[in-house]
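J.:
Residue numbers (this note's numbering), protein chains in the order written: chain Z, 26 to 393; chain W, 3 to 189.
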């Protein structure tokens, strides 16, 4: 790649579309100086994300062009094993890194480990992986830069159309077009092209609008959080605006709950799945997350007593900052934001009921 | 008098086996993946140490009486150097090795504060060797005509074997979860 490209990226203000939102120019500059190989991350690892697959399915030529601009030292395309994305990449004759279908396996350092013959588990990062990393067995792994597929596609667009075009989308702080993956109770679930600064409601409208009146909106998947219907109504879809709620748009996932779904039941199901995602490398992840998920399941079933409620909040408070990686932090933030957004529903459940499913549960009880 | 010494030697020998087996079981508890917690850990540790010293006293009497009495031919040398006794050289020899190991374990434990943890631990691990030697020595010698003594020795053998098995095979929740996760698809 040329120094010109780094300047273009700097001027455009492109940030990583994988969720962390780190400046792409900084990362690419480091990759150039370290002579890093490139991994294009097309895993859609976040719950609800489908946009990497969308980029591969609809903009593969531009994606490959962007990767070729960036990856002078070798390029691999990471995709979940057995996914449509993987077969599309293979059909195009690209060097595919086949990644196990696991939440933590598509994390940057897990991909680097897998690409170098190790397990697809996150590693301890002493320095950013772009400067090289150390495997659990002590081997030195070469410098590797991992960029999200949408990010690489944006690089090609910026090289082609220039920073001014890029900055004509979004806000001054969060410029550029971006993709959102909208799922749940919407008429046309899937990927929408949008930009930071629009309303959360606008993103939902772009996916055909809510199929029923919404019962809550989840943003950023398992590392994000929840907005109540009232909060979602006026909320702006940007990092700056969502900071007030303690999370970010992440990689752009938007999940709409219908008003006839119990939000706590939904969150509980997600937490149960999260409890099985641990890479088994630290206690908070192996035991803390499942313990919190267990209590949350009792809450969702309206069977949590006051002692349990105290314990659940205590455990969610203990998870952040104690793991080897940030997975427990993300899960705790996700669960806590649901307790905030659905506080009325939490009160109803602690009182032994559920305003959404009460009627059906009573019918069930009578039947039993 | 000679006969009394012979009976004292046999009695203290069996008592030593029983006590050392209790010491072994307590040690296995302490070193296992699910060690006793809180006040119980202090009780287990205290018993382990006190009983070990107590058993050593019985061992000293057991050996001294065996040397002094003249019913069988065991001299002072063969109490230290294995396989040198005139009487049942092989079975007495196993007991001699066991005693040498016990002496090493006791001395290094008494001097533990002056030794590196690695040295102490390496010597302490020979307890895994000494105990079966002592049990075989006990079963092979002098208990054959006494069902009570033989029964005690065999009971000690079973108890110690169970404790060792538990020490080796018992796991903790951490190990179990890591093992289970490692079996999933990771590459």
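All residues carry an ideal CB built from backbone N, CA and C; glycine is no exception.
Hey, how far is the Cα of residue 4 of chain Z from the Cα of residue 355 of chain Z?
T.: Because chain Z in this structure spans residues 26 to 393, residue 4 of chain Z falls outside the shown range and cannot be described.
J.: Taking the straight line between their C-alpha atoms, what separation do you get for residue 131 of chain Z and residue 35 of chain Z?
T.: 26 Å
J.: Where residue 178 of chain W and residue 333 of chain Z are concerned, what is the direct C-alpha to C-alpha distance, given to the nearest angstrom?
T.: 26 Å
J.: What does DSSP give as the partner residues of residue 102 of chain Z in its beta bridges?
T.: Z:65 and Z:121
J.: On a Cα-Cα basis, can you pick out the residue from Z:181, Z:169, Z:139 and Z:170 that is closest to residue 161 of chain Z?
T.: Z:139
J.: Is there a Cβ from chain Z that is less than 8 Å from the Cβ of residue 187 of chain W?
T.: yes
J.: Under the three-state reduction of DSSP, which class applies to residue 302 of chain Z: helix, strand or coil?
T.: In the displayed model, residue 302 of chain Z falls within coil according to three-state DSSP, outside both helix and strand.
J.: Could you tell me whether any Cβ in chain W is nearer than 8 Å to the Cβ of residue 125 of chain Z?
T.: yes
J.: Going by DSSP in three states, residue 89 of chain Z sits in which element: helix, strand or coil?
T.: helix
J.: Which same chain residues end up closer than 7 Å to residue 27 of chain W when comparing Cβ atoms and leaving out the 5 residues on each side of it in sequence?
T.: 161, 162 and 165
J.: So what's residue 329 of chain Z in DSSP terms, helix, strand or just coil?
T.: Note: residue 329 of chain Z maps to coil in three-state DSSP.
J.: Using the beta-carbon count (16 or more within 10 Å), is residue 274 of chain Z buried or exposed?
T.: buried
J.: Name the residues in the region 163-189 of chain W whose C-beta lies less than 9 Å from a C-beta of chain Z; which are they?
T.: 175, 176, 179, 180, 181, 182, 183, 184, 186, 187, 188 and 189
J.: At a Cβ cut of 8 Å, what residues of the region 133-149 of chain Z count as close to chain W, listed as they run along the chain?
T.: 139, 143, 144, 145 and 146
J.: Give every residue of the same chain whose Cβ lies closer than 6 Å to the Cβ of residue 155 of chain W, excluding the five residues on either side of it in the sequence, and list them in chain order.
T.: 19, 140, 141 and 145
J.: Closer than 7 Å by beta-carbon distance: list the chain W residues that pair up with residue 304 of chain Z, in chain order.
T.: 183
J.: Mapping the DSSP letters down to three states, classify residue 158 of chain Z as helix, strand or coil.
T.: strand
J.: Note down, one range per segment and in chain order, each beta strand (DSSP E) of at least 3 residues found wholly within the region 224-275 of chain Z.
T.: 239-244 and 250-252
J.: Only counting the same chain, and skipping five residues up and downstream in sequence, which positions put a Cβ closer than 7 Å to that of residue 5 of chain Z?
T.: A query on residue 5 of chain Z cannot be resolved here, the shown segment of chain Z reaching from 26 to 393 and no further.
J.: Under a Cβ-count criterion, where at least 16 other Cβ atoms within 10 Å of its own Cβ denotes burial, should residue 372 of chain Z be classed as buried or exposed?
T.: exposed
J.: Apart from the five residues just before and just after residue 108 of chain W, which ones in its own chain have a Cβ nearer than 8 Å to its Cβ?
T.: 54, 55 and 58
J.: Could you have a look at residue 66 of chain W and say whether DSSP puts it in helix, strand or coil?
T.: helix
J.: Would you kindly report the start and end of the unbroken alpha helix (DSSP H) that includes residue 169 of chain W?
T.: 149-171
J.: Alpha helix (DSSP H) containing residue 178 of chain W: first to last residue?
T.: 175-184
J.: Check whether the region 231-239 of chain Z and the region 346-353 of chain Z touch, using three or more Cβ-Cβ pairs below 8 Å as the test.
T.: no
J.: Find the nearest neighbour of residue 42 of chain Z within the set Z:65, Z:56 and Z:54, judged by alpha-carbon distance.
T.: Z:65
J.: Going by DSSP, name the residue or residues bridged to residue 49 of chain Z.
T.: Answer by DSSP bridge pairing: none, since residue 49 of chain Z is not bridged.
J.: If you count every other CB in all the chains shown that lies within 10 Å of the CB of residue 115 of chain W, and 16 or more means buried, which is it?
T.: By the neighbour-count criterion, in which 16 or more other beta carbons inside 10 Å mark a residue as buried, residue 115 of chain W falls on the exposed side.
J.: If I follow the unbroken alpha helix (DSSP H) through residue 112 of chain Z, where does it start and stop?
T.: 109-116
J.: Going by DSSP, what residue range makes up the alpha helix (DSSP H) through residue 112 of chain W?
T.: 91-112
J.: Inspect the beta-carbon positions of residue 80 of chain Z and residue 175 of chain Z and report whether they are closer than 8 Å.
T.: Taking a C-beta distance under 8 Å as the contact criterion, residue 80 of chain Z and residue 175 of chain Z qualify as a contact pair.
J.: Please tell me whether residue 67 of chain Z and residue 264 of chain Z are closer than 8 Å, where the distance is taken between their beta carbons.
T.: no
J.: So that I know if they touch, is there some Cβ in chain W lying closer than 8 Å to that of residue 162 of chain Z?
T.: no
J.: What would DSSP say about residue 387 of chain Z, mapped onto helix, strand or coil?
T.: Reliability of the predicted coordinates at residue 387 of chain Z is poor, the pLDDT of 49 falling under 50, and the value obtained from them is presented with this limitation in mind. Residue state, collapsed to three classes: helix.
J.: For residue 311 of chain Z, I'd like the list of residues in its chain whose CB is within less than 6 Å of its CB, leaving aside the five on either flank, ordered along the chain.
T.: Correct list, in chain order: 303 and 305.
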